[in-house]
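Notes follow once the structure below has been shown.
Numbering (the working numbering), first residue to last: 1048 to 1471.
Take a look at the structure:
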């Protein structure tokens, strides 16, 4: 029986091979604050949802599985220490063979966008060296790391005949340019997990075997890892692989299609509240703007202000005030803490929800009134709406307002709170 070993890597301490791969790819890019913390549960419909205890925090490795484990990304696989060098080499070549395309007739090299994001790691001097064209170091490196027939295509494109005028291709600044076209294919905006290539040695997928066809049975050890880290995600995969579903049904063949249907269906959301959180993370990483790189934004330590503004406005039309508050709080935390328009919008929404007539035995309006930061505005909002609440909620709200010592600076409001508390 083989053992899965851990490695001691610098200050990281003992880590697994999965952790090692994550650190090698993403250690220089910190997990952004806006996806590092889980959503504020107190802004959902229930004060303490029963399903909250089943929802694990969004840790970095789970974020890696959800973002890096997409259909377009390198395959996730389990590697053993005895053959780690060979496994890493094969995994790299599998990905290159699957995602790199060369057209000799049009002199075009097509690379995955992932290589563009990390190109500086492989060719740091290309930008400052006038004798090197942009991405020249990356192209030369890739030509030595691919299998046949890609290596032969690289050789033809980089041959002496093709590169005869290479040194003469310069721009106005005197910097050398590549004599062929280099394209970076954008990532597929697909929400799904691919655990292994269907045919890892096929360079150009044929109609019977494409990138969009996940394997029926992912590796058990990967499933066990996902189950350990996120039970909800594991349950989604198990539902998609349920043997009771017809073998060739869309839900069984394509986990991607199943997940899209799951995240877009209101019926599923009402049955499984945790789907709301999965949709929240999905929307946080993806937008409808074709020019917007959701992956780059997810890895950037600077959140996109335009995206938050759009999400807040989208919540106003259907009256989803709780969701709007969620985005406003994250906006204030990550974009601009002194943005007075966002603060004012937050205050108006809280005051609006506090004034809604609650359903029987509901403390939702009361809780939102207590979220108002300004002590005077909070107290006045409570006093204006207290007749709508049950006695127990009213007493709790009044005591909460009186417990803030800053209310003593406003004796008239303080006396009104004490008087109302005595009346109840």
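Every residue gets a Cβ at the ideal spot worked out from N, C-alpha and C, and that includes glycine.
On a predicted model such as this, the values are computed, not experimentally measured, just so you know.
TODO: Check residue 1232 in the structure and name its three-state DSSP category.
DONE: strand
- [ ] Apply the 10 Å Cβ neighbour rule to residue 1486 and answer buried if 16 or more other Cβ atoms are within range, or exposed otherwise.
- [x] With the chain represented from 1048 up to 1471, any question about residue 1486 goes unanswered, as that position is not in the structure.
Task: Assigned secondary structure, residue 1087 (DSSP; H/G/I helix, E/B strand, else coil) - done: Low local confidence applies: a pLDDT of 43 at residue 1087 is under 50, so the model's placement there is unreliable, with the coordinate-based value given in what follows. Reduced to three states, the DSSP call for residue 1087 is coil.
Open item on the list: Between which residues of its own chain and residue 1444 is the CB-CB distance below 8 Å, once the five residues before and five after are set aside?
Closed with: Hits under 8 Å: 1413, 1416, 1417, 1429, 1433, 1436.
- [ ] Take residue 1393 as the anchor and find which of 1404, 1129, 1448, 1360 has the nearest alpha-carbon.
- [x] In terms of CA proximity to residue 1393, 1360 leads the group 1404, 1129, 1448, 1360.
Task: Cα-Cα separation between residue 1404 and residue 1453, rounded to whole angstroms - done: 29 Å
Task: Pick from 1440, 1204, 1133 that is closest to residue 1157, judged by C-alpha positions - done: Ranking the options by Cα distance to residue 1157, first place goes to 1204.
Task: Euclidean distance between Cα positions of residue 1224 and residue 1129 - done: 43 Å
Open item on the list: Tell me the rounded alpha-carbon separation between residue 1197 and residue 1397.
Closed with: 60 Å
Task: Inter-residue CB distance, residue 1163 and residue 1228 (contact presumed, cutoff 8 Å) - done: The Cβ separation is near 14 Å, so there is no contact.
Open item on the list: Please state the DSSP three-state secondary structure of residue 1412.
Closed with: Assigned with DSSP and collapsed to three states, residue 1412 falls in helix.
Task: DSSP beta-bridge partners of residue 1159 - done: 1232
Task: Sub-8 Å separation of residue 1449 and residue 1465 beta-carbons - done: Less than 8 Å separates the beta-carbon of residue 1449 from that of residue 1465.
Task: Euclidean distance between Cα positions of residue 1377 and residue 1367 - done: Looking at the two C-alpha atoms, the distance is approximately 16 Å.
- [ ] Classify residue 1150 as helix, strand or coil using the three-state DSSP reduction.
- [x] strand
Open item on the list: Please tell me whether residue 1411 and residue 1457 are closer than 8 Å, where the distance is taken between their beta carbons.
Closed with: Not in contact: residue 1411 and residue 1457 (Cβ atoms no closer than 8 Å).
- [ ] Give the straight-line distance between the Cα atoms of residue 1131 and residue 1192, rounded to the nearest whole angstrom.
- [x] 17 Å
- [ ] Determine the contact status of residue 1159 and residue 1232, defining contact as a CB-CB distance below 8 Å.
- [x] yes
- [ ] Return helix, strand or coil for residue 1421, following the three-state DSSP convention.
- [x] coil
TODO: With distances taken Cα to Cα, identify the nearest neighbour of residue 1439 among 1149, 1471, 1186.
DONE: 1471
TODO: Can you grab the Cα-Cα spacing for the pair residue 1179 / residue 1188, in whole Å?
DONE: 14 Å
Task: residue 1404 - DSSP class collapsed to helix/strand/coil - done: coil
Task: Alpha-carbon to alpha-carbon, residue 1358 and residue 1391 - done: 17 Å
- [ ] Name the residue from 1195, 1183, 1194, 1200 whose alpha carbon lies nearest to the alpha carbon of residue 1226.
- [x] Nearest to residue 1226 by C-alpha distance, out of 1195, 1183, 1194, 1200, is 1183.
- [ ] Please confirm whether residue 1379 and residue 1389 have their CB atoms less than 8 Å apart.
- [x] yes
TODO: Could you tell me if residue 1151 is buried or exposed, where buried requires 16 or more neighbouring beta carbons within 10 angstroms of its beta carbon?
DONE: When all chains shown are included, residue 1151 counts as exposed.
- [ ] Please state if the CB of residue 1427 and the CB of residue 1460 are separated by a distance shorter than 8 Å.
- [x] yes
Task: Rounded C-alpha distance that separates residue 1400 from residue 1275 - done: As the crow flies, the alpha-carbon of residue 1400 is around 39 Å from that of residue 1275.
Task: beta-carbon residue 1137 near the ligand NAP non-hydrogen atom, thresh 7 Å - done: Looking at this structure, you won't find the ligand NAP or any other ligand, since it has none at all.
Task: residue 1136 burial status per 10 Å Cβ neighbour count (16 or more: buried) - done: exposed
Open item on the list: For residue 1199, report the span of its alpha helix (DSSP H) as first-last.
Closed with: 1197 to 1204
TODO: Excluding the 5 residues preceding and the 5 following residue 1467 in the sequence, name in chain order all residues of the same chain whose CB lies nearer than 7 Å to its CB.
DONE: 1430, 1433, 1445
TODO: Use the C-beta contact count for residue 1195: other C-beta atoms within 10 angstroms, 16 or more gives buried, fewer gives exposed.
DONE: exposed
TODO: Closer than 6 Å by C-beta to residue 1201: which residues in its own chain qualify, once you throw out the five before and the five after it? Chain order, please.
DONE: 1190
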